[in-house]
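If you're matching positions, the sequence shown starts at 1189 in this note's numbering and goes up one per residue.
Ideal Cβ positions, reconstructed from N, Cα and C, are used throughout, including at glycine.
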Amino acid sequence: WVAVRTAAVEEQSSACQLVMLMVEKLQEHFYPNVEATVNAIAPLLDSPHEDVRSFCMVAIPELVRSTAKATSPDRTALINLTEYFVGLLVKSIESESSLELIMTGLQALRATFSYACTASIRFLNVSQMEAITQCATLVLRDSLQRRAILRAEAQVSGGGVDEDDVGDEEMFQQNCMELHFNLAELIGTVFKTHGSDFMVVYRQIWHETVVQMVHVNCLKEDRQFGYFIISDVIE
């Protein structure tokens, strides 16, 4: 038996949400509290409670934006904070089991880049870009494997296909598309913020996968995903 004091969990979740909202509304005026907030929420990314992890992820890009506005034109504090958060988010995404929270993490990572890369700052080094791309590869691979397993199970379960099966298939495909769209948006944002610096990493890790996914024999949804990436490469 495991005893959970749910009132304490709800209070912690509400506190994380409140911090996120305060940073979002106050922006640069919240900057004096950024360091204390980072020290408080960083350990909570490992919380066993999904709401707590979710609000902490969403707060991260807002803390980056607050720092960017408050410290401009000096970018030292911004770059240091962003590099720290990128490592935290990549770790969280790779260890997360909830599909919804994986997408929350991807969105937070993308927003972090957008807020940090004002004034055309390229702060990621090669190893960091590789870590982000490998993380995206892991998420994509797991998603495709889940889809293949569910389809195989449906084929061997017998009994034919009923309306519930069709509905479940459509819902799962929609979730896959949403996840893949977030992956494409993340890769596109790294291209937009780091330009040709990212091209070498992309060609080493993602190019072959993208070429395979746009093959005429692949599913329409996979081809769409591949074209999302290709359009960012061309741009």
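Taking Cβ to Cβ, would you say residue i is nearer than 9 Å to residue j?
i, j, result
"Cys1244", "Ile1267", "no"
"Glu1288", "Ser1242", "yes"
"Leu1328", "His1382", "no"
"Leu1312", "Val1278", "no"
"Arg1263", "Asp1385", "no"
"Leu1232", "Gln1205", "no"
"Ile1393", "Glu1271", "no"
"Val1190", "Val1240", "no"
"Met1365", "Gln1412", "yes"
"Glu1373", "Cys1323", "no"
"Gln1361", "Glu1409", "yes"
Grab me the residues of residue i's own chain with a C-beta within less than 8 Å of its C-beta, minus the 5 sequence neighbours each way, in chain order.
i, result
"Thr1259", "Tyr1219, Ala1265 and Leu1266"
Report buried or exposed for residue i, applying the criterion of at least 16 other Cβ atoms within 10 angstroms of its Cβ.
i, result
"Leu1326", "exposed"
"Met1387", "exposed"
"Thr1225", "buried"
"Ile1337", "exposed"
"Ile1417", "buried"
"Leu1407", "exposed"
"Val1344", "exposed"
"Ile1422", "exposed"
"Val1404", "exposed"
"Ala1304", "buried"
Taking DSSP as the reference, what is the three-state secondary structure of residue i?
i, result
"Pro1220", "helix"
"Leu1312", "coil"
"Asn1405", "coil"
"Ser1235", "coil"
"Ala1336", "helix"
"Pro1249", "helix"
"Glu1423", "coil"
"Ala1191", "coil"
"Arg1411", "helix"
"Ser1285", "coil"
"Cys1305", "coil"
"Asp1262", "coil"
Only counting the same chain, and skipping five residues up and downstream in sequence, which positions put a Cβ closer than 7 Å to that of residue i?
i, result
"Met1420", "Note that residue 1420 corresponds to Asp in the displayed sequence, not to Met. Correct list, in chain order: Ile1375, Gly1376 and Phe1379."
"Gln1295", "Asn1370"
"Asn1363", "Leu1287"
"Gly1414", "Val1398, Met1401 and Val1402"
"Ser1254", "Val1211, Gln1215, Glu1216, Phe1218, Tyr1219 and Val1222"
"Thr1306", "Ala1256"
"Val1389", "Val1314, Met1317, Glu1318 and Thr1321"
"Glu1284", "Ile1290 and Gly1293"
"Leu1276", "Ala1230 and Leu1233"
Between which residues of its own chain and residue i is the CB-CB distance below 6 Å, once the five residues before and five after are set aside?
i, result
"His1237", "Val1197"
"Ser1280", "Leu1233 and Gly1293"
"Met1208", "Phe1243, Val1246 and Ala1247"
- prompt: Does the count of Cβ pairs from the stretch 1237-1251 and the stretch 1286-1301 closer than 8 Å reach three?
  reply: yes
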